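Read the structure below first, then the notes.
Residue numbers (my numbering), protein chains in the order written: chain A, 1 to 435; chain B, 436 to 870.
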């Protein structure tokens, strides 16, 4: 059965990191609306997606799942509160579709309009100086729908942790064991909060999805994000799994992207605030930004949110978060996040600690408080999630791009060539052609 | 194991219909916030509620579950749309708490304030002529939270079916098999749509929760509302279960309250509209009334909403629905439901068909389009759900009461004595003391 589940894993998109199959179905060929997943009364058996058999997470089925994650397990709400949504003024432009760029490592040009399908985009919103200049949806995502944010989730909690630090409620130099004694004997025990926030911990934790024995599989099975094999005897919750993580090397060294740091940080935030992280996210962000819709979280069997990647949001609300960051932490006339926190994120992490992580599409970048910082001439920085989720903030151009996608390949190295230069070209176009 | 599950059933509140245990814990003793279910990081094992072992549906645990149903399984969203919530002006009054009434079958008086805890109320909103004159929450329900509506769900779909009839899109005299051929060989095949809507079908379907062999158990297990025994081989979805229901007697006779009629009606609505009923509810009601929050549905393994009782809403949004009914179907300057539909519901069903159903607390009432109609001097009518859920519309007094509760006993006969006369007394008080 372990074998069978490994086969499921191998068949899932999480397993195909960095290797391009001979021919991927196009966006049109894999359109979840056309393919009719879960449609009909009842849907025919071949159109039913299930968590138990792993079908919900295979490509192209995952193109439906990413807009309907709540249909596959328990969730909690992230309330926007009872008020009216904040205005997102509209000034849509028709000139953006023709903006051309050269994809990384290629010679032929591509347009912004062509990139939409090339990146298996489910929805994209571009704000320029706070106004919607471009908005488009495809597949089964709608403005009133919610999409899996994947690891963009992390940037929300990196930001919140930084806010708690700024308020003096969280000591970034405190050892995790001081705050969460249950983690004393785990790898996290002698890591500092700041090391978690910047993912500079020495952990025996592989995020290589192609390896069925990688610890990331134990992690997501413990949290019930992916199905468990029958007779599964492993950790039952995120809390239990976190306590099993062992050290490998020293903390404070090179940046190493490991989702488990975010869940450990989530536990720290829970302990410091005394509240579920979904509630903290509601109080600190969702109810403060005039969000249009509630967000929601996938939770494990004891109601613990998947702080490493379980958030689902409306696309425009993701854009509102980026716009608040662009505005030095201000939104709707209030300072929601201290300017010093935004400045610190924008300034980035230790650039010397980044190259060892080997991200060929991100040369010269750094990682800070669970944000990816480009250090380019525009000072752009990003929240990123597998399969093409991105929130791109370009301070110089006054531009925010929020994109949800369901790319067949998990690793963003597969879409960076046709997203990052597109964002840069659009930023330059908006700078040169303001309206 | 069947035995074990029957024991779970017997221990659940659904099983204690109409029999008063010697001593029920009070509202204060059973307060889910005080008892700390699912609180802590992590919660201690004795505070964890689970679906698998039935603990989520036992009393007093269900007091937490009713405000957190989404944590126990898959759900779908009922979108409010992107607009601003409609205003619910506030004119709170302090005189209502002292309004006194005589509970049915008792001699001592009780006040409105006392009834709050006596009915294990989680939240109550009273509108008088469209303004909030009273609003209170307890336990773990908050204005920004959502609560299980139980069978109040039915009244939404009875109303929507009546709207489809009024629009000529649904023939109330059509046989169900004409619309849903899959139900041809079931009991529903030769029932008319109107007979479903008024629950005047002859079905072999017991809703006696004390009987572990009652068909209602098969129904909710098929839809995964309650846990299945290991090795369960029965129907896997609501669709499959509906096809197994057999006839008992003739259609068109006496009213007999059976939840399965609502799920059959749900299938009819799905087939007629070509949409999931949650989407229909969003388009027809939720996005039309300026709802404050999205609602959500528990769904079965193929994403089919539990039209008989799986809706969860914010309390104020339930009140908004009642207020639209009170205003002859109008809300926010629009005719959301045709006045003729509201009139027909208010006029009630065949009163002669009602008494056989034996509701001692509802003398002279009738049932129409999945609403309960009092035929009292005020023309009051209700949506009702087990454990004390109620939406009470009193046209003469211009009053709407929306109440969510988690009474230990499922049957509303247990709370009617301390709710129905309270509503009547409040209505008379508001009539006599307008402001």
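Note that beta-carbon positions come from the ideal geometry of N, C-alpha and C, so glycine has one too. Here the structure is a predicted model, which means the values were calculated and not measured.
Proximity test, Cβ basis, 8 Å: residue i and chain A
| i | result |
| --- | --- |
| residue 527(B) | no |
| residue 837(B) | no |
| residue 498(B) | no |
| residue 514(B) | yes |
| residue 440(B) | For residue 440(B), the predicted structure reports a pLDDT of 36, less than 50, and the residue's modelled location is therefore unreliable. The matter cannot be settled from this model. |
| residue 560(B) | no |
| residue 579(B) | yes |
Option in the options with minimal Cα separation from residue i
| i | options | result |
| --- | --- | --- |
| residue 852(B) | 534(B), 593(B), 558(B), 545(B) | 545(B) |
| residue 432(A) | 372(A), 23(A), 95(A) | 95(A) |
| residue 593(B) | 819(B), 834(B), 680(B) | 819(B) |
| residue 574(B) | 512(B), 502(B), 518(B) | 502(B) |
| residue 684(B) | 762(B), 648(B), 638(B), 768(B) | 638(B) |
| residue 62(A) | 369(A), 365(A), 212(A), 120(A) | 120(A) |
| residue 322(A) | 224(A), 222(A), 400(A) | 400(A) |
| residue 112(A) | 118(A), 165(A), 99(A), 103(A) | 99(A) |
| residue 536(B) | 804(B), 806(B), 734(B), 860(B) | 860(B) |
Element boundaries [alpha helix (DSSP H), containing residue i]
| i | result |
| --- | --- |
| residue 702(B) | 695–708 |
| residue 842(B) | Unbroken run through residue 842(B): none, as it is neither H nor E. |
| residue 673(B) | 673–677 |
| residue 127(A) | Element bounds for residue 127(A): not the alpha helix (DSSP H) but the beta strand (DSSP E), 121–128. |
| residue 423(A) | 416–432 |
| residue 219(A) | 215–222 |
| residue 591(B) | 587–601 |
| residue 712(B) | 712–716 |
| residue 611(B) | 611–614 |
Three-state class that DSSP yields for residue i in the structure shown
| i | result |
| --- | --- |
| residue 459(B) | coil |
| residue 317(A) | helix |
| residue 821(B) | coil |
| residue 512(B) | strand |
| residue 486(B) | coil |
| residue 870(B) | coil |
| residue 312(A) | strand |
| residue 38(A) | coil |
| residue 110(A) | strand |
| residue 46(A) | helix |
| residue 148(A) | strand |
| residue 61(A) | coil |
| residue 291(A) | coil |
| residue 183(A) | helix |
| residue 786(B) | helix |
| residue 506(B) | helix |
| residue 33(A) | helix |
Where the beta strand (DSSP E) through residue i begins and ends
| i | result |
| --- | --- |
| residue 629(B) | That residue, residue 629(B), is in no beta strand (DSSP E); its alpha helix (DSSP H) goes 628–632. |
| residue 806(B) | 806–808 |
| residue 368(A) | 366–368 |
| residue 911(B) | Nothing about residue 911(B) can be read from this structure; chain B reaches only from 436 to 870. |
| residue 346(A) | Element bounds for residue 346(A): not the beta strand (DSSP E) but the alpha helix (DSSP H), 339–347. |
| residue 567(B) | 566–572 |
Test: residue i CB closer than 8 Å to a CB of chain B
| i | result |
| --- | --- |
| residue 438(A) | Because chain A spans 1 through 435 in this model, residue 438(A) falls outside it and cannot be assessed. |
| residue 72(A) | yes |
| residue 424(A) | no |
| residue 43(A) | yes |
| residue 27(A) | no |
| residue 84(A) | yes |
| residue 293(A) | yes |
| residue 244(A) | no |
| residue 313(A) | no |
Straight-line Cα distance separating residue j from residue i
| i | j | result |
| --- | --- | --- |
| residue 697(B) | residue 671(B) | 18 Å |
| residue 692(B) | residue 606(B) | 22 Å |
| residue 475(B) | residue 711(B) | 37 Å |
| residue 558(B) | residue 228(A) | 38 Å |
| residue 260(A) | residue 634(B) | 53 Å |
| residue 65(A) | residue 56(A) | 6 Å |
| residue 264(A) | residue 314(A) | 26 Å |
| residue 267(A) | residue 722(B) | 37 Å |
| residue 454(A) | residue 374(A) | Outside the modelled stretch of chain A, which goes from 1 to 435, sits residue 454(A), for which no answer is possible. |
| residue 628(B) | residue 682(B) | 16 Å |
Any chain D beta carbon closer than 8 Å to residue i
| i | result |
| --- | --- |
| residue 303(A) | Given the protein chain composition of this structure (A and B), no chain D is represented. |
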